[in-house]
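What follows is one structure encoded as structure tokens, with my remarks underneath.
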Amino acid sequence: RKEVEQDPGPFNVPEGATVAFNCTYSNSASQSFFWYRQDCRKEPKLLMSVYSSGNEDGRFTAQLNRASQYISLLIRDSKLSDSATYLCVVNMKNTGNQFYFGTGTSLTVIP
Amino acid sequence: DGGITQSPKYLFRKEGQNVTLSCEQNLNHDAMYWYRQDPGQGLRLIYYSQIVNDFQKGDIAEGYSVSREKKESFPLTVTSAQKNPTAFYLCASTRAGTYGYTFGSGTRLTVV
Chain A
1 RKEVEQDPGP FNVPEGATVA FNCTYSNSAS QSFFWYRQDC RKEPKLLMSV YSSGNEDGRF
61 TAQLNRASQY ISLLIRDSKL SDSATYLCVV NMKNTGNQFY FGTGTSLTVI P
Chain B
1 DGGITQSPKY LFRKEGQNVT LSCEQNLNHD AMYWYRQDPG QGLRLIYYSQ IVNDFQKGDI
61 AEGYSVSREK KESFPLTVTS AQKNPTAFYL CASTRAGTYG YTFGSGTRLT VV
């Protein structure tokens with residue numbers, strides 16, 4: 001079983017729509033959680049960290065459910081510029097502080 | 001401005017050649033990492049280093065080698081033993097603790 005799993009999509013949504021991605025992780029000892037955004041042929045860039053109490057940054061909301069071992073990312077009022085691949089990343093200190101990446105979820109926002 | 005610099009951006013290798021990818025950071029980060037990304041796949045860890053003069057194999061270390069002689073530098077050598085080296089290579093660094101990664105802009109390696 002992979003450490004981190006995501007639905008690869010693609011998700012094709014109209015501008016202005018709300019879209020949500022989920023990501024599950026296998027190791028209950030996981031400690032830190034992040035969402036990264038990767039544009040085509042570019043490096044991943046940190047979108048936001050995910051805190052236990054949930055957190056919001058503008059149109060983006062991230063949530064963590066430790067009991068069910070998943071994190072989510074909600075994007076409201078989608079913009080064309082949100083089109084990208086969204087990577088779920090989990091850090092596990094008991095594995096040498098390694099970060100584990102999901103394969104990414106592809107989002108295309110359509111005019 | 002602080003950041004991670006990878007070079008070259010594009011690299012072409014003949015079969016049987018060793019090539020070295022450069023990764024330099026001026027963020028004063030302790031840990032550095034090398035990942036490989038293939039089309040439609042997630043990032044896979046090649047090697048990582050938490051401290052100078054020490055490094056650990058990741059999930060796909062075969063055919064690769066690294067060194068960490070300076071805190072700022074973590075070069076990756078793709079040896080002729082790596083049978084399928086064509087990929088996008090990403091270097092990353094992070095401070096000790098549980099902060100997120102900072103990535104370099106990547107090197108695209110193609111075998112010709």
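From first to last, the protein sequence lines are chains A and B.
Residue numbering for the first sequence is 1 to 111, as defined by the numbering used here.
Residue numbering for the second sequence is 1 to 112, as defined by the numbering used here.
The beta carbon of each residue, even a glycine, is placed where N, CA and C say it ideally should be.
Quick caveat, the model's predicted, so the values are computed rather than measured.
Closest Cα partner of residue i within the set the options
i: G106(B); options: V19(B), Q56(B), W34(B) and T77(B); result: W34(B)
i: Q31(A); options: P44(A), K42(A) and N65(A); result: N65(A)
i: F103(B); options: Y47(B), L109(B) and C91(B); result: C91(B)
i: T94(B); options: Y48(B), T20(B) and S7(B); result: Y48(B)
i: Q50(B); options: G40(B), F12(B) and E69(B); result: E69(B)
i: H29(B); options: K83(B), F74(B), S22(B) and L109(B); result: F74(B)
Cβ distance (whole Å) where residue i is taken to contact residue j below 8 Å
i: N26(B); j: G3(B); result: 7 Å
i: R59(A); j: I75(A); result: 6 Å
i: F101(A); j: L43(B); result: 4 Å
i: T86(B); j: N18(B); result: Not really, about 15 Å apart at Cβ, beyond 8 Å.
i: I46(B); j: A61(B); result: 6 Å
i: Y64(B); j: T79(B); result: 7 Å
Closer than 8 Å at the beta carbon, the chain B residues around residue i
i: L46(A); result: G100, Y101 and T102
Listed by chain order, chain B residues near residue i by CB distance under 7 Å
i: S49(A); result: G100
i: F34(A); result: G100
Counterpart residues of residue i in DSSP-defined beta bridges
i: L74(A); result: A20(A) and T61(A)
i: L90(B); result: Y35(B)
i: Y25(A); result: V4(A)
i: A84(A); result: L107(A)
i: I51(B); result: D54(B)
i: C23(B); result: Q6(B)
Neighbouring residues, chain A, relative to residue i (Cβ below 9 Å)
i: S105(B); result: K42 and E43
Handout entry: Interfacial residues, the region 40-66 of chain B to chain A, with Cβ spacing under 9 Å
Key = G40, Q41, G42, L43, R44, L45, Y48, Q50, Q56 and G58
Exercise for the section: Compile a chain-ordered list of the residues in the region 2-14 of chain B whose CB is closer than 8 Å to at least one CB of chain A. Expected result: Correct list: empty, as no residue qualifies.
Exercise for the section: Give, in chain order, every residue of the region 75-104 of chain A whose Cβ lies closer than 9 Å to some Cβ of chain B. Expected result: L87, V89, N91, K93, G96, N97, Q98, F99, Y100, F101, G102, T103 and G104
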